[in-house]
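What follows is a set of notes on a single structure, which appears directly below.
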Amino acid sequence: MLGIEAARTALIKEIMNTLEEQGLEVDIRHIMLVADVMTSKGMLQQIGRHGVAGTKTSVLARAAFEITVPTIAEAALKGEVEPLKGVTENVIVGSTVPVGTGMVDLYMKVGNGSASLAS
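Quick look at the structure:
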């Protein structure tokens, strides 16, 4: 195993060891997900604003991470538009999250009002 896969494996081991030393139990699947995100571009990226969190296209998702006011101010100066397509930004504004049942709208045709109830 070489390259980014080796880095991913080492990252998982280091995170698990650090958490265990602190007496914390975290399911390895959560750690694997973090490692996958950190290595998804073929190189190791930090989670911080200069890495994974800073590369998000959503203004609100970037602002939610660390430096809120400067991020929103810069986006306003650049005229960026927030389309509210992701989970983070929809949670921030209190909208339905566009995943699962939040992805569909159900409509029901209502008759002309002439239907009667059978007794």
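Every number in our numbering is 8 more than the matching position in the sequence shown, counting from 1.
The C-beta atom is built at its ideal place from N, Cα and C for all residues, glycine as well.
On a predicted model such as this, the values are computed, not experimentally measured, just so you know.
On the DSSP letters alone, give me the boundaries of the alpha helix (DSSP H) that residue i sits inside.
| i | result |
| --- | --- |
| Pro78 | 76-86 |
Just confirm the distance between the C-beta atoms of residue i and residue j, as a whole number of angstroms; I'd bet it's less than 8 Å.
| i | j | result |
| --- | --- | --- |
| Leu19 | Met46 | 6 Å |
| Ala69 | Gly94 | 6 Å |
| Ile39 | Ile23 | 5 Å |
| Leu114 | Ser103 | Not confirmed; about 17 Å, so no contact. |
| Glu97 | Glu90 | 6 Å |
| Val34 | Leu27 | 5 Å |
Do you know offhand how far residue i's Cα is from residue j's?
| i | j | result |
| --- | --- | --- |
| Gly108 | Phe73 | 24 Å |
| Ala81 | Val112 | 33 Å |
| Arg16 | Ile36 | 13 Å |
| Pro78 | Ala71 | 8 Å |
| Val105 | Ser48 | 24 Å |
Pick out whichever of the options has its Cα sitting closest to the Cα of residue i.
| i | options | result |
| --- | --- | --- |
| Lys86 | Glu97, Val67, Ile75, Thr76 | Val67 |
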